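Number of protein chains: 2
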Amino acid sequence: MNTTRTPRQQNLTLNDVARGCGVSRATVSLVLRGSSLVKSETRTRVEAEIQRIGYIYNRAAANLRARSSSSVALVINDLSNPFFAEFAAGVDEALASIGFVTLLGSTGESAERQQAVLASLVEHGPAGIILSAAEGSDGAAISRVVGPHIPLLLFNRELEGDWDMLAMDNRRGAYLATTHLISLGHRRIAFFGGHRQSSSCRERREGYVAALTEAGLDAPLQWRIETIPTRVESARQTGALFVRDPAPTAAVCYNDAVALGLQLGLVSRGRRPGEDFAVVGFDDIPEAAVSMPTLTTIATDPRARGRQAAERILARMRDPSLPLERNAAQVSLVVRESSCPPSDPDGRLRHD
Amino acid sequence: MNTTRTPRQQNLTLNDVARGCGVSRATVSLVLRGSSLVKSETRTRVEAEIQRIGYIYNRAAANLRARSSSSVALVINDLSNPFFAEFAAGVDEALASIGFVTLLGSTGESAERQQAVLASLVEHGPAGIILSAAEGSDGAAISRVVGPHIPLLLFNRELEGDWDMLAMDNRRGAYLATTHLISLGHRRIAFFGGHRQSSSCRERREGYVAALTEAGLDAPLQWRIETIPTRVESARQTGALFVRDPAPTAAVCYNDAVALGLQLGLVSRGRRPGEDFAVVGFDDIPEAAVSMPTLTTIATDPRARGRQAAERILARMRDPSLPLERNAAQVSLVVRESSCPPSDPDGRLRHD
DNA sequence: ATGGATAATTGGATCGTTCCAATTTTTATC
DNA sequence: GATAAAAATTGGAACGATCCAATTATCCAT
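Chains as they are written, first to last, in the working numbering: chain A, 127 to 478; chain B, 127 to 478.
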């Protein structure tokens, strides 16, 4: 409301095309929409005229009349995070392939900006909204500004209220990571990093515990180490893994940043990650493939998640009566150098 | 053209608001646009009704009638590159602050997809386009699909034709990097990485040569080493720096990826970057601050560049008669650990 | 009260498209 | 070559806002 606007040049319209090739406006419209009603000879003539005068379709006018929309809003809490940038690229890729356009909004993790951004986007009449909510978002405020008619799909973060939702399968990812370490022969495995109160960390820990339990192994609480999930903090906390004997021989990490920090921390304590201590990360950020050692991790394929989110919102748009879906997206284990077998033989034997 | 569309719900209109509070449609419209013509009592009444029934402004209809636009298209060649993702965030931030919305298009470095994406975006009537062109783009094809009326601003990559353009000041960045190394005492400085034919690499090399020349130092061609600008390739080519004696004591790198690869390559040859060999990068990607050693580099502040691009396209929209501008964006030197003084005393003395 | 300002409000036309019912053209059939 | 059926085309109304000229309300001075 009440903002700057910029005048547009006089544009060519259907009438100009129609006049130029001696048919009616309605016929040109049918040609543009690929209707089978028009004779192919007429079609050719119209298409030639369109090319000739450089006519540009006005989708806004079309959407107004047809009460339709060909855009989807994508609201991202942190575009500078490569995970979300990849996600956005995936969304745009899938939307573009069916002629939809992506209305971008980035919120920089501010719930207030998110409200403003949503309010502005909604006025452009998107057919749906994909929202990766900012921290501290208020579900009620969001449904107030979005209104009851536009379908909204939550990505990655929970929110109170009834929403379609697409999230990583954190539980299964951590389960895969842990099982991988167990199959290499590890028996004393830590869960390193992250904050207990975050939902993703909670879910990942659940998967870790489930794998250990299933294998009949201990998961003592002192091997669950909390850290701020950054590289620096993680490196600093490395020592916490080795305060008791016997120490773990491997760690499942909350995410790749934590895992890379742990590798640094291990090196500075004279240990060699990938040789005498195994590390697994989560996310598969680009750096995981080039660290030393390269990092075994759980790939979430954010670009594929973006495509999936686009498919989901399109499906919901086609059929608003579908039941709410809150499914978890596939994740997969990527084995690299950092996950070695235990070097310490009694690490293997003590529990066997 | 000829794509899927999705029906929208029956929406509330100006007429509903008008009827609800006993004024005319035109008055409600004036209220929405903040006109001073309406009595403040009426304004309050109308605003209350808008809230009450949850009316949502239809900007597409408004833009159609007013022949205006409140969107800008942003076409990015590689969103998964954090540099461009940050840039996009900056563009969106600036546009959102004046109520504009960003139409996103990502091309994945494909010139054909870029044509399709531009064609689709143009139909949505953006007031302007910011384009970071895909490799192998054809300027003529782009101006054909965009038409003569929509202002377009090129970012980062040159293209044949007359365009507004915003690019990094590559020359000055490399000049700053080289001068920094010279002031630390280095006399034998290489330029490492990148491809001669890329315009950004050419410009950076020019800045490097200019700084050396200005200081009266040699810039022998064998110290300009070409690599594919990735970390892996760069690490692999490290040896090329040391085939001749005397070898350089420092390197200005084409970008941060190359610089980080070089650091890896140095380590694996038993040298210690930041202690017995100085490295400077270009871009200041997030990883530069956390590598070992942390990387001295040239910051381009892509987010600020995004804001700048948005300002530029808005200015051009306001006044299409402005002269074309092709200025270079500021860059700055960020000194970290990787740029050490020369350890080898005769590296310092030989040329003094 | 009355007139003349000014302030506030309003209805109808319009933006560029699609929808729809009606009309015209073509084709098939005898 | 007349007729019915099918195919192709068309003009006017409509989508939800803004623009504009015209109308009505309100104010102030006499």
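Yeah, the Cβ is synthetic: ideal placement off N, Cα and C, and Gly gets one too.
No experiment lies behind these values; they were computed from the predicted model shown.
Bridge-paired residues (DSSP) for residue i
i: Arg231(A); result: The amino acid at residue 231(A) is misidentified as Arg; the sequence shows Gly. According to DSSP, which records beta bridges pairwise, Gly231(A) is partnered with Val201(A).
i: Ala293(B); result: Ala454(B)
i: Arg283(A); result: DSSP output for Arg283(A) lists no bridge partner at all.
i: Val460(A); result: Thr423(A)
i: Ile354(B); result: DSSP lists no partner for Ile354(B).
i: Leu278(A); result: Ile255(A)
Counted within 10 angstroms of its Cβ, other Cβ atoms place residue i as buried (16 or more) or exposed
i: Ser258(B); result: buried
i: Arg69(B); result: The requested residue 69(B) does not occur in the structure, where chain B is confined to residues 127 to 478.
i: Thr170(A); result: exposed
i: Thr339(B); result: exposed
i: Asp371(B); result: exposed
i: Arg296(A); result: According to the sequence provided, residue 296(A) is Asn. The question's Arg does not apply to it. Flag for Asn296(A) reads buried.
i: His275(B); result: exposed
i: Glu175(B); result: buried
i: Leu140(B); result: buried
i: Ile411(A); result: buried
i: Glu167(A); result: exposed
i: Val406(A); result: buried
i: Asp445(B); result: exposed
i: Gln240(B); result: buried
i: Asn453(B); result: exposed
i: Ala266(A); result: exposed
i: Ala436(B); result: buried
i: Pro346(A); result: exposed
Span of the alpha helix (DSSP H) around residue i
i: Ser155(B); result: Arg151 to Leu158
i: Gly254(A); result: Segment Gly254 to Leu257 is the beta strand (DSSP E) holding Gly254(A); no alpha helix (DSSP H) there.
Span of the beta strand (DSSP E) around residue i
i: Arg429(A); result: Per DSSP, Arg429(A) belongs to no beta strand (DSSP E); it is in the alpha helix (DSSP H), Pro428 to Arg444.
i: Arg145(A); result: Premise fails: Arg145(A) lies in the alpha helix (DSSP H), Leu140 to Cys147, not in any beta strand (DSSP E).
Sequence-distant residues of the same chain with beta carbon closer than 6 Å to residue i, five excluded per side
i: Ala361(B); result: Gly387, Leu390 and Gly391
i: Glu451(B); result: Asp290
i: Ser458(B); result: Ala425
i: Arg134(A); result: Residue placement at Arg134(A) is flagged as unreliable, the pLDDT there being 47, under the threshold of 50; the coordinate-derived value follows with that caveat. Once the five neighbours on either side are set aside, Arg134(A) has no close Cβ partner at all.
i: Ala199(B); result: Leu229, Leu247, Pro252 and Ile255
i: Glu261(B); result: Glu235
Nonlocal neighbours in the same chain, by C-beta distance under 8 Å from residue i, ignoring five residues either side
i: Glu352(A); result: Gly319, Gly320, His321 and Arg322
i: Ala188(A); result: Ser194
i: Ala316(B); result: Trp349, Arg350, Ile351, Leu367, Pro374, Ala376, Ala377 and Val378
i: Tyr183(A); result: Leu158
i: Ile179(B); result: Leu138, Asp142, Val143 and Gly146
i: Val243(A); result: Val201, Gly231, Ser232 and Thr233
i: Ser196(A); result: Arg185, Asn189, Gly225, Phe226, Val227 and Ala253
i: Val356(A); result: Checking the sequence, you will find Thr at residue 356(A) rather than Val. Within the same chain, Thr356(A) has close Cβ partners Ala383, Val384 and Gly387.
i: Val460(A); result: Asp410, Ala414, Thr422, Thr423, Ile424 and Ala425
i: Ser465(A); result: His306, Leu307, Leu310, Ala376, Gly400, Ala404, Val405, Val406 and Thr422
i: Ser263(B); result: Ala237, Gln240, Arg283 and Leu285
i: Met294(A); result: Asn282, Ser326, Thr426, Arg431, Ala454, Ala455 and Val457
Cβ neighbours of residue i in the same chain (closer than 7 Å, five flanking residues each side left out)
i: Ile216(A); result: Correcting the residue type first, residue 216(A) is Gly in the shown sequence and not Ile. Around Gly216(A): Pro428, Arg429, Ala430, Arg431, Gly432 and Arg433.
i: Thr305(A); result: Ala337
i: Ser469(A); result: Glu401 and Asp402
i: Thr364(B); result: Leu388, Gly391, Leu392 and Arg395
i: Leu163(B); result: Leu156
i: Asp472(A); result: Confidence in Asp472(A) is poor, its pLDDT being 48 and thus under 50, which makes the residue's placement too unreliable to answer from.
i: Ala211(A); result: Leu205
Any non-hydrogen atom of the ligand MG within 7 Å of residue i CB
i: Arg442(A); result: Among the ligands in the structure shown, none appear at all, so the ligand MG cannot be discussed.
Could I get the ranges of all uninterrupted beta strand (DSSP E) runs contained in the segment 362-419 of chain B, with 3 residues as the minimum, in chain order? For the segment 362-419 of chain B, the continuous beta strand (DSSP E) assignments of 3+ residues that do not extend past its boundaries occur at 376-379 and 404-406, in sequence order.
Which ranges does the beta strand (DSSP E) cover as unbroken runs of at least 3 residues, wholly within the segment 174-219 of chain A, from first to last along the chain? Secondary structure in the segment 174-219 of chain A: the beta strand (DSSP E) runs of 3 residues or longer, each lying completely within the stretch, are 197-202 in chain order.
Can you list the beta strand (DSSP E) stretches of 3 or more residues lying completely in the segment 308-340 of chain B, in chain order? Counting whole runs of 3 or more residues, the segment 308-340 of chain B contains the beta strand (DSSP E) stretches 315-318.
Give, in chain order, every unbroken run of the beta strand (DSSP E) that is at least 3 residues long and sits entirely within the segment 236-276 of chain B. The qualifying runs are 254-257.
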